[in-house]
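Heads up: the protein sequence lines correspond to chains A and B, in order. Position in the first sequence (from 1) plus 17 gives the number in the working numbering. Position in the second sequence (from 1) plus 47 gives the number in the working numbering.
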Amino acid sequence: MKISGIKDKFKELFVVEKEQNRNPEEKRNVKKILRDFWCGKPHEERRLGDLYVGDTGLYKHREWRGVPDTMYYFNMIWLYNYIHMVMDIMKFGGGPVKGLVNFAKGTMRYRWMGQTYLTVMHWFDRGLEGMRGPVLRGSAWHYRAMCCETIRQFQQMFASDKNLHGGRESEQWRHNIAHNETVSGSIFYGFHDVLEDIPLEMIPYFVSCHVNNHTVLNYIDAAQSIGLPADPCPMCQAEYGLFVLDDYPDYAPAMITSNEACDGSVATSILQDWFLNRPLFAMPQPMRYDDPLVQEHCQREIEACWKFIEEQYGVAFDWDMFVKYAEQQNQLTAFEHEKWDVAANTPYYPINGVAQALYRIYYSQDGNRPIWHETDDRVRRLMNKTVKNKINCLPKTRHRAIAWSCAPLFYSNWCTWAYNCWGINCVINMDSLMFDQYIRTDTYEHALEDLSWYNEKAPMRAMAVGGHEHILSLWDYMERFNCDMVIMYDQIQCKGMQGIHGVFEDEFRRRNIHAIWVPHALPDKRTVSRKEIRGIINEYMMTVMREEPLDPTLVDFEDDASW
Amino acid sequence: MKKLLLKLITFAGILYGLLFLIFYFDLDGKLLYYIWEPMMTRRYDKMKRRDNTATPYEMKEDVG
Chain A
18 MKISGIKDKF KELFVVEKEQ NRNPEEKRNV KKILRDFWCG KPHEERRLGD LYVGDTGLYK
78 HREWRGVPDT MYYFNMIWLY NYIHMVMDIM KFGGGPVKGL VNFAKGTMRY RWMGQTYLTV
138 MHWFDRGLEG MRGPVLRGSA WHYRAMCCET IRQFQQMFAS DKNLHGGRES EQWRHNIAHN
198 ETVSGSIFYG FHDVLEDIPL EMIPYFVSCH VNNHTVLNYI DAAQSIGLPA DPCPMCQAEY
258 GLFVLDDYPD YAPAMITSNE ACDGSVATSI LQDWFLNRPL FAMPQPMRYD DPLVQEHCQR
318 EIEACWKFIE EQYGVAFDWD MFVKYAEQQN QLTAFEHEKW DVAANTPYYP INGVAQALYR
378 IYYSQDGNRP IWHETDDRVR RLMNKTVKNK INCLPKTRHR AIAWSCAPLF YSNWCTWAYN
438 CWGINCVINM DSLMFDQYIR TDTYEHALED LSWYNEKAPM RAMAVGGHEH ILSLWDYMER
498 FNCDMVIMYD QIQCKGMQGI HGVFEDEFRR RNIHAIWVPH ALPDKRTVSR KEIRGIINEY
558 MMTVMREEPL DPTLVDFEDD ASW
Chain B
48 MKKLLLKLIT FAGILYGLLF LIFYFDLDGK LLYYIWEPMM TRRYDKMKRR DNTATPYEMK
108 EDVG
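Now the structure itself:
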């Protein structure tokens, strides 16, 4: 490479273009320079879009947030998480050597591991861009918890994976239950101390889309390469694509599956049954789930699932164990309600939209784990402080939005961008509001009844395809969370939600609600790109709301090649 | 002892400074994006895999 080529590359990777038309007096204002250095630039002067390297999403340099917040990000987010990731790999892998060896093996074997999860700190960066003070801290703790739980899950898989251990069925392999990612971890509380339940697709598919959306495209294409149709939900396609590409860990002797609360996904279970070729129990969630006639049926199915586990693993369902973990889960639910109360009624909520959405769906689906309690304790302390001291955590909020329907997995951090660019604060989202169910533990009958409800309020089922009266509960939540805007996700390959599109259009007009339709194809960024999503929001904010962007550099930029 | 302590502090200081440079200039991201990911993608693309579509599909005797 010639010297000029090296210079150009250096400029492309590291040098931020100087702002044109900048007031020369400002350049000489030492007081302001020092204030910007210590406190960070005011929101309107940040020019975050200038920091990106082309369309890669990388930064020429990471954002300078002022001394306290930059040092917090460096020490307590970047460094802390890198160090704790290594510690988690060793801890959950059964010791330093074993853990690191299994991690290396898994990285070399699985695309979703080696290509995706090493880039995890950029997932933090995207979600936390522009955040300052308590909202930076609270949101980062949520990300940290998800990171820890992800490591726990893949290290558990790798430790017992036959693919990584010469086809050997270890003792741990015999004690693992594989289950669909939408079968809640709470189903397994009665076996929690003797068997390890690990969702099959949560790490190889779901979380990977958020961290690095390049990987999932391979699985979608693989599914279509064997002649399966391209028009069903791409989530289902990606989930059976994992099997077509032989990229799933073989870590358990039996599988519990479901219809993923979306009847288009039934095919996934059928294909998984074929590819896994081992005992499989199907536990689909009913479509009209609040019909009293289906409740008993659901409860019998859960009991049949427990019987299946008892037969396959030779262990008995333990009621006391179930009560212990269900009660711990109830503590998580109680704190979630506290959080909602603060988010709904005050500006002191120290969690941003993407951290709220991802953390809530992750822990409520995954079930009770110590890391969720540790995180909630930290966030409780922080939230108490912000409420007591009346700290407005997202002070540039112009609109309080509720996001409804299923979100684009490849652009879950759109709400961070929307706040930085337009002051749209996504206070709550539909996925957060699911699983809103305590499990009573006074009697077996009550517990089973509530567990059944909990299982039926799975992602997508409760409000997306669980009957129009639930989908339309949007208006109620909008009021409860004091929102003045709806971000309406339009998953264009979801046949269920497409059917009710017109009803929403009519209702938005009738109720005079500002609603922005955001089309997407769940994990597949090729159908509707992130730039197109931003374009739609930009257009609405400029033409309908007639507002000026807070940060003009974020209105139009390329990021097609980013993670 | 004092010398050793001083050396350790200097070493820790330099290490901390280097880590900050890696963080600030997103060198971890650039390394993963331009070097690690293309290398691993080539590896996964070339990897020999089982043909799972050859898995026999038979009626099960005991369906749950």
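Backbone N, C-alpha and C define an ideal beta-carbon position, used for all residues, glycine too.
Query, Result
"Buried versus exposed, by CB contacts within 10 Å (16 or more), Phe-171 (chain A)", "buried"
"Proximal residues to Tyr-471 (chain A) (C-beta, below 8 Å), its chain only, five neighbours per side dropped", "Ser-201, Ser-203, Phe-452, Gln-454 and Ile-456"
"Contacts that Val-261 (chain A) makes with chain B (C-beta to C-beta distance below 8 Å)", "Asn-99 and Thr-100"
"Pro-41 (chain A), enclosing alpha helix (DSSP H) - first and last residue", "41-45"
"Thr-458 (chain A) (DSSP reduced to helix, strand or coil)", "coil"
"Spatially closest choice to Thr-134 (chain A) from A:Cys-226, A:Tyr-90, A:Gly-144 and A:Asn-180, by CA coordinates", "The residue asked about is misnamed: residue 134 (chain A) is Tyr in this sequence, not Thr. When each option's Cα is compared against that of Tyr-134 (chain A), the closest is A:Cys-226."
"With 16 other Cβ atoms within 10 Å as the buried cut-off, status of Tyr-76 (chain A)", "buried"
"Beta-bridge pairing of Pro-536 (chain A) - partner residues as DSSP gives them", "A:Asp-507"
"CA-to-CA distance, Ile-106 (chain A) to Lys-48 (chain A), given in whole angstroms", "46 Å"
"Residues bridged to Cys-443 (chain A) (per DSSP)", "A:Ala-418"
"Asn-193 (chain A) - DSSP class collapsed to helix/strand/coil", "strand"
"Ala-321 (chain A) in three-state terms, based on DSSP", "helix"
"Nearest-angstrom Cα separation, counted from His-101 (chain A) out to Tyr-236 (chain A)", "30 Å"
"Leu-77 (chain B): contacting residues in chain A (beta-carbon distance under 7 Å)", "Going by the sequence as given, residue 77 (chain B) is Lys instead of Leu. Within 7 Å Cβ-Cβ: Leu-30 and Leu-75."
"Beta-bridge pairing of His-487 (chain A) - partner residues as DSSP gives them", "Paired residue(s): none; His-487 (chain A) is not in a bridge."
"Other residues of its chain near Ser-579 (chain A): CB distance less than 6 Å, five sequence neighbours each side excluded", "Thr-73 and Gly-74"
"CB contact below 8 Å: Leu-65 (chain A) versus chain B", "no"
"Residue-chain proximity (Ile-319 (chain A), chain B), Cβ-Cβ < 8 Å", "no"
"Outcome for Leu-259 (chain A) when other beta-carbon atoms lying within 10 angstroms are tallied against a minimum of 16", "buried"
"Cα-Cα separation, Cys-410 (chain A) to Asn-401 (chain A)", "13 Å"
"Boundaries (first-last residue) of the alpha helix (DSSP H) holding Thr-403 (chain A)", "387-405"
"N-terminal and C-terminal residue of the alpha helix (DSSP H) that Ala-299 (chain A) is part of", "Segment 297-299 is the beta strand (DSSP E) holding Ala-299 (chain A); no alpha helix (DSSP H) there."
"Rounded C-alpha distance that separates Ile-504 (chain A) from Asp-576 (chain A)", "21 Å"
"Boundaries (first-last residue) of the alpha helix (DSSP H) holding Ile-273 (chain A)", "Per DSSP, Ile-273 (chain A) belongs to no alpha helix (DSSP H); it is in the beta strand (DSSP E), 272-274."
"Collapsed DSSP secondary structure at Glu-105 (chain B) in the structure displayed", "coil"
"Interface residues of the region 70-101 of chain A facing chain B [CB-CB below 7 Å]", "Thr-73, Leu-75, Tyr-76, His-78, Arg-79, Phe-91, Trp-95 and Leu-96"
"Leu-591 (chain A) at chain B interface by Cβ criterion, 8 Å", "With chain A covering 18 to 580 only, the question about residue 591 (chain A) has no answer from this structure."
"Between the CA atoms of Val-404 (chain A) and Ile-445 (chain A) - distance to the nearest angstrom", "18 Å"
"Endpoints, the beta strand (DSSP E) within which Ile-215 (chain A) is located", "213-216"
"Proximity below 8 Å, CB of Ser-156 (chain A) to CB of Ala-435 (chain A)", "no"
"Contact between the region 79-94 of chain A and the region 82-89 of chain B (3+ Cβ pairs under 8 Å)", "no"
"C-alpha distance - Thr-87 (chain A) paired with Tyr-97 (chain A), whole-angstrom precision", "13 Å"
"Close beta carbons around Met-495 (chain A), own chain, < 7 Å, minus the five adjacent residues each side", "Ile-419 and Val-503"
"Residues sharing a beta bridge with Tyr-330 (chain A), DSSP", "BP columns for Tyr-330 (chain A) are empty, so no partner."
"Alpha-carbon to alpha-carbon, Leu-450 (chain A) and Pro-251 (chain A)", "23 Å"
"Buried versus exposed call for Trp-357 (chain A) [16 or more other C-beta atoms within 10 Å across all chains shown]", "buried"
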